[in-house]
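Here the structure comes first, spelled out in structure tokens, and everything after it is commentary.
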Amino acid sequence: MNKYKAVIFDMDGLMFNTERIIKRFWKDACQQIGINTTEKTFYKVIGLNKEDGRKILENELGSKFNYDKVRKIRDKLYFDYIEKNGTPIKEGLLDLVEFLEKNNIPKAIASSSSRETVEYLLKNAGLLNNFHIIVAGDEIKRGKPNPDIFLKASDKLKLGPKECLILEDSNAGIKAASNAGIDVIMIPDILEPTEESKNIYLKRCNSLLDVIEILK
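Start counting at 1 in the sequence shown, then tack on 24, and there's your number in this note's numbering.
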């Protein structure tokens, strides 16, 4: 029997196949202001909120890199792409959402993205009404790997950490789950789990479809 009373979802790279798109447009935006780099430069900010990502990229790319200017270009490229092509939904997401709703298992989103971005992607995917509890990166002071976002999500669910299950794709998210004392399943996206993550997560899955079997 499933011991979990709720499931907390990360978003980018977990629910939606957006990480690869974001990384591509970070690189393209840098090129527009004369900085040549690779998509791998931006792997270091996967799972992090805006301010933590800013610090890493400013340190990585030097004084020529204007974070706010590049971010504005990146956002324009990214949202134009989503508007034209739709939100790229990950395999198994719709099945998992349906399973949770049929079994009356509450769900929440805890994403490092801004609330505006989370709600935009959910609405674009036709899922905004399926997630009533959202904690976004711009609503907490300390981002992943700190536990704050997941603890706030469990608090909004009115459940203790031991009653929740987190689904994550990033190593920063895995560490944040551990710091929150909440069980976590990893469904890797761009990056493979680190040795630290392997020692933390409950299980590694290939897709969100596998999570259904675990919860049955």
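All C-beta atoms, glycine included, are put in the ideal place defined by N, C-alpha and C.
* **Beta bridge counterpart(s) of M210 as assigned by DSSP** => In the DSSP assignment, M210 forms a beta bridge with E192, R228.
Report task. Per DSSP, which residues does V31 bridge with? Please list them. Result -> Beta-bridge annotation (DSSP): V31 is paired with K131, L189.
Look at I157 and P185 and say whether their C-beta atoms are less than 8 Å apart.
No; because the gap between Cβ atoms is not below 8 Å, this pair is not in contact.
> Is I190 near the ligand SAM, in the sense that its beta carbon is under 7 Å from a heavy atom of that ligand?
Replying inline: As presented, the structure is devoid of all ligands, the ligand SAM included, so that no description of it is given.
DSSP-derived helix/strand/coil call for I80 = In the three-state reduction of the DSSP assignment, I80 falls in the helix class, which pools H, G and I.
So, under 8 Å CB-CB, T61 and L85 are touching, yes? Tell me the CB distance rounded to an integer number of Å.
Right, the Cβ-Cβ distance comes to about 7 Å (below 8 Å), so this counts as a contact.
message = Does M25 come out as helix, strand or coil in the three-state DSSP assignment?
response = Per-residue confidence for M25 stands at a pLDDT of 48, beneath the threshold of 50, marking its modelled position as unreliable; the derived number appears in the next sentence. It is coil, neither helix nor strand.
Discussion item. Less than 8 Å between the C-beta atoms of L232 and I211, yes or no?
Written reply: Cβ distance < 8 Å, so L232 and I211 count as in contact.
Residues in the same chain with beta-carbon distance under 8 Å from M25, minus the five sequence neighbours each way, listed in chain order, please.
Reliability fails at M25, whose pLDDT of 48 lies under 50, so the model's placement of it is uncertain and the value that follows must be treated cautiously. For M25, there are no CB contacts under 8 Å within the same chain when 5 residues up- and downstream are skipped.
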